[in-house]
Amino acid sequence: MTDSTPSAAPAPAPRRRRRWVRWTLGGLGALVVLLVGGILIYSQVGVMGAEPAPLAAAEANPGLTITDDGAGIVLSPTAGATGQGLVFIPGAKVQAEGYIATFADTVVDDGVTVVITKPWLNLAFFDPRPLSTFTDLAPDVSAWAVGGHSLGGVRACQLATDADALVLFASYCANDLSASGLPVLSLSGSEDGLSTPQKIADAKAQLPANATFVEIPGASHASFGAYGPQPGDGTPTADPTDVDRVIAEELAGFLPRP
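Pasting the structure below:
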C-alpha cells in the first residue's frame with residue numbers, strides 16, 4: 001500500500017477571472033450609458049418655449065435690445081442704462097426665450113441689463129459655469145444681482161455669494177445663506193402649485209433675517225415667465241401683464257446700484 005498526499009484544490013482559472021471582470025466592467029459601462037442617455041432624453045423632452053405673442057411684442061419694442069451670445073441672452077436698454085444688472089437662470093426645461101417678455105419692462109423702463117442664461121441640457125444643476133461667464137457678457141454693468149426661477153433659483157442661491165444681491169422667482173434656497181449678509185428679494189405667487197407658499201415659508205430660514213418676501217396675488221408658477229401653462233401648477237387669476245409690472249416695480253426698488 002502506498003501513502004499519498006491529497007492534492008490541493010485547483011486555483012480558479014485565470015481565464016474565468018478575466019471573463020468575470022469583463023462582464024462586471026461591461027455591466028457598469030452599460031449602466032452609465034443608460035443613465036447618461038436617460039438624462040439626455042429627459043432634458044430634451046417637454047422643453048417649454050416662449051409663447052409667440054409676448055415674445056413678438058418684446059422683440060418689436062424699440063427700447064429693448066436683444067443679443068443672443070450663445071451662453072445667454074442679453075437684454076439691454078436702447079438708452080438710459082443705469083449700470084445695474086441681473087443674471088437670471090431659467091427654470092428646468094424652460095427655454096431662455098420664455099423670459100424675455102417678463103423682463104421687458106425692467107429693461108426698458110428702469111435701465112437694467114438682464115442676462116438670461118442658457119443652462120446646459122436645459123437644467124441649471126448640470127451647468128457648472130461660474131457667474132462671471134454671464135456677467136462678462138455685459139461689461140458696462142457694475143452692480144450685479146443673481147436670480148432664477150424655480151430650479152434656476154436654487155442654482156442662483158449657489159452663486160449668490162459672488163453677486164451683490166439675490167432675487168428668487170417662485171423659488172427657494174437649498175443651501176444656507178442666513179449668515180451671508182446678502183440683500184435678498186423673494187417673489188412668489190399665491191396660486192403656485194409647485195413652489196407653493198408653504199414651501200417658500202418652510203425654506204425661509206435659509207435666507208438672511210432681513211430678506212424681503214413679496215407674494216403676488218393670483219400669480220402661479222408659470223406666471224413668472226411667458227412659456228404657457230406648466231404641469232402640476234395652480235390656476236393663475238392674475239393678468240400676465242400685471243404680474244410683469246409687479247416684478248418690474250419690485251426689482252426697481254431692490255436691485256443694487258453702482
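The letter at position 253 of the sequence shown is residue 253 when you use UniProt numbering, and the numbering goes up by one with no holes.
We put the CB at the ideal spot given by N, CA and C, even for glycine.
DSSP-derived helix/strand/coil call for residue i
| i | result |
| --- | --- |
| Gly253 | helix |
| Val107 | helix |
| Asp46 | The sequence shown places Gly at residue 46, not Asp. The answer is coil: DSSP assigns Gly46 none of H, G, I, E or B. |
| Ser186 | strand |
| Val154 | helix |
| Leu86 | strand |
| Ile116 | strand |
| Leu168 | strand |
| Gly147 | strand |
| Gly98 | helix |
| Ala205 | helix |
| Ile39 | Confidence in Ile39 is poor, its pLDDT being 44 and thus under 50, which makes the residue's placement unreliable; the coordinate value appears in the next sentence. Of the three classes helix, strand and coil, the one that applies to Ile39 here is helix, per DSSP. |
| Thr133 | helix |
Burial state of residue i, where buried means 16 or more other Cβ atoms lie within 10 Å
| i | result |
| --- | --- |
| Arg155 | buried |
| Ser171 | buried |
| Gly253 | exposed |
| Phe169 | buried |
| Val47 | exposed |
| Asp192 | buried |
| Asn122 | buried |
| Gln198 | exposed |
| residue 262 | For residue 262 there is no data in the structure shown, the boundaries of the chain being 1 and 258. |
| Asp136 | exposed |
| Ala160 | buried |
| Asp244 | buried |
| Gly85 | buried |
| Pro236 | buried |
Whole-angstrom C-beta distance between residue j and residue i, which should lie under 8 Å
| i | j | result |
| --- | --- | --- |
| residue 325 | Ser150 | Here the chain has residues from 1 to 258 only, and residue 325 is not among them. |
| Thr78 | Pro62 | 6 Å |
| Val184 | Ala211 | 4 Å |
| Leu187 | Ile216 | 7 Å |
| Leu131 | Asp162 | 4 Å |
For residue i, the residue or residues it bridges with in DSSP
| i | result |
| --- | --- |
| His221 | BP columns for His221 are empty, so no partner. |
| Pro77 | Leu64 |
| Thr212 | Leu185 |
| Gly72 | Thr117 |
Cβ pair residue i, residue j closer than 8 Å
| i | j | result |
| --- | --- | --- |
| Thr133 | Leu75 | no |
| Ala101 | Ala60 | no |
| Ala138 | Leu255 | no |
| Thr67 | Ala96 | no |
| Asp140 | Ala248 | no |
| Val146 | Val94 | no |
| Ala226 | Gly80 | no |
| Ala143 | Gly181 | no |
| Gly148 | Ala174 | no |
Proximity test, residue i beta-carbon vs the ligand ADP heavy atom, cut-off 7 Å
| i | result |
| --- | --- |
| Thr196 | Among the components of this structure there are no ligands whatsoever, and the ligand ADP is therefore not found. |
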